[in-house]
Amino acid sequence: MTRAPFESIVALHGARVWRVCRALLDEADADDAWSETFLAALEAYPRLAHHERIEGWLVTIAHRKAIDLLRRRSRLEVGEVPDRAAPEASRDLDLARALALLPLRQREAVVLHHLGGLPFIEVAAALGSSADAARRASSDGVRRLRELLGGADG
Amino acid sequence: MAELETMGTIPDAPLDGLRARLVERAAERGLLDVAYRTLDTALGSLLLAATPAGLVSVTFDGRDPIATLDRLASAVSPRLLETPARLDDAARRLEALIDGRARAFGGPLDMTLARGFGRGVVERLREIPYGETRSYAQVAVAVGSPRAVRAVGTACRRNPLPIAIPCHRVVRSDGALGQYVGGIEAKRLLLGVEAASPPAPLVE
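Protein sequences appear in the order of chains A and B.
Just add 563 to the spot in the first sequence (first one is 1) and you have the working numbering.
Just add 1 to the spot in the second sequence (first one is 1) and you have the working numbering.
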């Protein structure tokens with residue numbers, strides 16, 4: 564069995580990896596995290612087990628790179644919310660900015676499950692929590708986002 | 002995802018810029034094993050691929066390169082990215098050969114994809130002077146296997162670096178052009194360009 568050219572991996576998954584990075588970081592840091600994700604993937608790619616689900620693998624790397632950057636930038640302990648400017652009129656908030664207002668754990672769960680497409684069992688592995696806790700964090704996060712953004716049912 | 006989409010969007014990925022920086026950093030860190038680009042020429046659309054050692058593959062399928070890219074991924078390395086800038090020099094050299102402005106490729110070549118008997122044949126092809134031809138039988142003699150005429154034909158068709166390594170200068174003993182990996186018209190055009198170009202100066 565042969566491995567697909569890495570070019571096709573970037574073409575297929577570049578947009579999703581970007582959404583994960585951008586939902587956790589500002590534009591400049593997301594840019595950096597995206598590059599670092601694909602560089603780490605490129606490095607490991609020839610040794611990747613064939614049965615590995617490539618998209619989930621990339622999303623997991625992107626999450627790790629993003630959290631590394633967040634820690635470096637905010638110099639906060641994990642679990643604390645980085646300081647962000649208060650929201651303006653909530654209708655004007657885009658999703659990335661609204662996500663930045665969530666507690667980090669909720670934000671990670673929402674991003675990994677809803678934007679990264681990971682099942683909760685893999686979200687849990689990425690967060691070092693139980694699947695139930697990951698599911699709860701995600702649904703709490705989505706509820707909070709709906710309040711912030713005045714969601715579709717509001 | 003759908004649930005979030007009703008609430009707002011993440012700004013679109015600036016993919017061109019992201020890719021450009023990825024390629025740059027990959028090369029810096031020695032992670033870009035194979036770079037490739039397409040090149041439109043009078044012979045058709047080519048696919049060029051290079052390793053850090055030099056040009057490694059030239060094929061005539063620039064319009065539909067998927068099969069070749071898959072082959073390069075398995076035969077050379079799956080760390081393969083589209084990187085036009087890394088192949089600018091090779092592209093210019095090939096264009097000059099096709100237009101008759103140059104008499105030899107002159108740039109670095111990576112012979113990784115020429116193996117076994119084929120490697121011996123391809124090395125001999127590099128010795129056929131510009132503007133001249135040899136027969137498949139003559140090349141077979143030159144590689145020390147005078148009876149392997151058909152195998153020489155196969156090795157010419159499998160030359161991983163046509164144009165740069167002049168397999169087009171090998172023709173049939175009866176004067177017919179014989180086959181060519183890029184099609185008979187491409188072979189006719191290359192030989193025509195060579196025949197029409199002025200003789201090499203005695204002193205450079």
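Glycine residues also receive a C-beta, built at the ideal position from the N, C-alpha and C atoms.
Close partners of residue 601 (chain A) in chain B (Cβ separation under 7 Å): 23. By the rule that beta-carbons nearer than 7 Å mark a contact, residue 29 (chain B) does not touch chain A. Within its own chain, the residues whose Cβ lies closer than 8 Å to the Cβ of residue 149 (chain B), once the five positions on either side in sequence are excluded, are 118, 141, listed in chain order. Pairing residue 111 (chain B) with residue 176 (chain B) gives a Cβ-Cβ distance that is not under 7 Å. Annotation: the segment 27–95 of chain B contains the following complete segments of the alpha helix (DSSP H) (minimum length 4 residues), in chain order: 67–76. Interface annotation, residue 80 (chain B): in contact with chain A, CB-CB separation under 7 Å. Here residue 34 (chain B) has 52, 77, 78, 80, 81 as same chain residues with Cβ atoms under 7 Å from its own Cβ, once five neighbours each way along the sequence are excluded.
Secondary structure note for residue 578 (chain A): its alpha helix (DSSP H) is the uninterrupted segment 569–587. With respect to the 7 Å criterion, residue 623 (chain A) and residue 689 (chain A) are classified as neighbours on the basis of their beta carbons.
Rounded to whole angstroms, residue 198 (chain B) and residue 165 (chain B) show a C-alpha spacing of 17 Å.
Residue 14 (chain B) reaches chain A at 577, 578, 581, counting residues in chain order whose Cβ is nearer than 7 Å. The Cβ of residue 568 (chain A) sits closer than 7 Å to at least one Cβ of chain B.
The C-alpha of residue 190 (chain B) is placed about 51 Å away from the C-alpha of residue 590 (chain A). Between residue 607 (chain A) and residue 621 (chain A), the C-beta gap is not smaller than 7 Å, which leaves the two residues out of contact. From the beta-carbon of residue 598 (chain A), the residues of chain B found nearer than 8 Å are 19, 22, 23, 26. By the C-beta criterion, the segment 130–137 of chain B is judged not to be in contact with the segment 63–78 of chain B, since fewer than 3 inter-stretch pairs fall below 8 Å. According to the DSSP assignment, residue 186 (chain B) belongs to the alpha helix (DSSP H) that extends over 185–197.
Residues of the segment 156–183 of chain B with a C-beta less than 9 Å from any C-beta of chain A: none at all.
For the pair residue 667 (chain A) and residue 703 (chain A), the Cα-to-Cα distance works out to about 12 Å. Judged by beta-carbon spacing, residue 570 (chain A) lies within the 7 Å limit of residue 83 (chain B), meaning their Cβ atoms are closer than that value. Of all residues in the segment 652–681 of chain A, those with a C-beta nearer than 8 Å to a C-beta of chain B are 656, 657, 658, 659, 661, 673, 677, 678, 680, reading in chain order. With respect to the C-alpha of residue 101 (chain B), the residue from B:132, B:90, B:75, B:122 having the closest C-alpha is B:132.
Under the 7 Å criterion on CB atoms, residue 74 (chain B) is classed as interfacial with respect to chain A. For residue 709 (chain A), the chain B residues whose Cβ falls inside 7 Å of its Cβ are 8, in order along the chain.
Residue burial is scored here from C-beta neighbours: residue 585 (chain A) has at least 16 other C-beta atoms within 10 angstroms and is therefore classed as buried.
At a cut-off of 7 Å, the C-beta of residue 47 (chain B) has no neighbouring C-beta in chain A.
Identification of residues in the segment 51–73 of chain B having a C-beta nearer than 8 Å to some C-beta of chain A yields 70, 71, 73, given in sequence order. As the crow flies, the alpha-carbon of residue 681 (chain A) is around 15 Å from that of residue 669 (chain A).
Here residue 575 (chain A) is exposed. Its C-beta has fewer than 16 other C-beta atoms within 10 Å. Counting along the chain, the unbroken alpha helix (DSSP H) around residue 626 (chain A) starts and ends at 617–637.
Considering only A:565, A:698, A:685, the residue with the shortest C-alpha distance to residue 613 (chain A) is A:565. Between the alpha carbons of residue 162 (chain B) and residue 185 (chain B) lies a distance of about 17 Å. Taking C-beta atoms under 8 Å as the contact rule, residue 144 (chain B) and residue 173 (chain B) fail to qualify, at a distance of about 17 Å. For residue 131 (chain B), no alpha helix (DSSP H) run applies, since DSSP gives it neither H nor E. Identification of chain A residues near residue 88 (chain B) by a Cβ-Cβ cut-off of 9 Å yields none; the smallest Cβ-Cβ distance measures about 14 Å. Interface with chain A (7 Å Cβ-Cβ cutoff): residue 11 (chain B) is included.
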